[in-house]
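One structure below.
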Amino acid sequence: MQDVLRSLQSISPSSLNEGDRLRIIPRSHDRAVPGIFSEHGRVDLITETSSVTTPGHPIPFVTGSSAGVFTAVLNPLPFSGKFPLNFVSFELSANLPEGGSAIPVNKVFNSGRIKFHNGESLLLIQQVKDKYVVWLVRADFPI
807 MQDVLRSLQS ISPSSLNEGD RLRIIPRSHD RAVPGIFSEH GRVDLITETS SVTTPGHPIP
867 FVTGSSAGVF TAVLNPLPFS GKFPLNFVSF ELSANLPEGG SAIPVNKVFN SGRIKFHNGE
927 SLLLIQQVKD KYVVWLVRAD FPI
């Protein structure tokens, strides 16, 4: 995984929990991310979706497959003195099965608030034993 992170060297990582990495990447990098990961192993796209909301109204998302159950809640925060424009709170979690079991037993979870510039993406890498869950969440804000 360190090789993959080095492949995105123009972006500096900040550690969350051990094994987790969070980065904000510019629009020019987000299309290259799947290719970078596929160079270093197998990549399975679980889902790709898009949604629109207004500040203060969360976007919940849940999907499940044999790969696991993946849950996201993204919430653009309303403008205030505490949170300027383009702040988004996030909760991202994955429940993954172990071995041949269909029952998810390994859970990873990250949450926080992050400031996006228009077109930037949140890249979050969660390590679950010998596998990785990669979230790529892009934010586009109206002008």
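Once you know that position 115 of the sequence shown is 921 in this note's numbering, the rest is easy, because the numbers rise by one and skip nothing.
Quick reminder that beta carbons are idealized off the backbone N, C-alpha and C, glycines included.
Measure the alpha-carbon distance for residue i versus residue j and round it to whole angstroms.
{"i": "residue 904", "j": "residue 933", "result": "14 Å"}
{"i": "residue 838", "j": "residue 929", "result": "12 Å"}
{"i": "residue 893", "j": "residue 845", "result": "33 Å"}
{"i": "residue 847", "j": "residue 947", "result": "33 Å"}
{"i": "residue 914", "j": "residue 935", "result": "10 Å"}
{"i": "residue 922", "j": "residue 912", "result": "30 Å"}
{"i": "residue 863", "j": "residue 840", "result": "29 Å"}
{"i": "residue 943", "j": "residue 850", "result": "16 Å"}
{"i": "residue 945", "j": "residue 829", "result": "14 Å"}
Looking only at its chain, what residues have a beta carbon closer than 6 Å to the beta carbon of residue i, apart from the 5 residues adjacent to it on each side?
{"i": "residue 867", "result": "878"}
{"i": "residue 931", "result": "827, 938 and 940"}
For residue i, which residues of its own chain have a beta-carbon under 7 Å away from its beta-carbon, when the five flanking residues on both sides are left out?
{"i": "residue 898", "result": "878, 916, 930 and 941"}
{"i": "residue 874", "result": "900, 901, 902, 903 and 910"}
{"i": "residue 855", "result": "867"}
{"i": "residue 869", "result": "852, 853 and 876"}
{"i": "residue 857", "result": "865"}
{"i": "residue 871", "result": "852"}
I believe residue i touches residue j by the beta-carbon criterion, under 8 Å. Please report the beta-carbon distance rounded to the nearest angstrom.
{"i": "residue 865", "j": "residue 859", "result": "5 Å"}
Identify the residues that DSSP records as bridge partners of residue i: which are they?
{"i": "residue 905", "result": "Answer is none; residue 905 lacks a bridge partner."}
{"i": "residue 841", "result": "None, per the DSSP bridge assignment."}
So, are the CB atoms of residue i and residue j less than 8 Å apart?
{"i": "residue 927", "j": "residue 836", "result": "yes"}
{"i": "residue 861", "j": "residue 883", "result": "yes"}
{"i": "residue 833", "j": "residue 906", "result": "no"}
For residue i, which residues from the same chain have a beta carbon less than 8 Å from its beta carbon, with the 5 sequence-adjacent residues on both sides left out?
{"i": "residue 919", "result": "883, 889, 893, 894, 895 and 896"}
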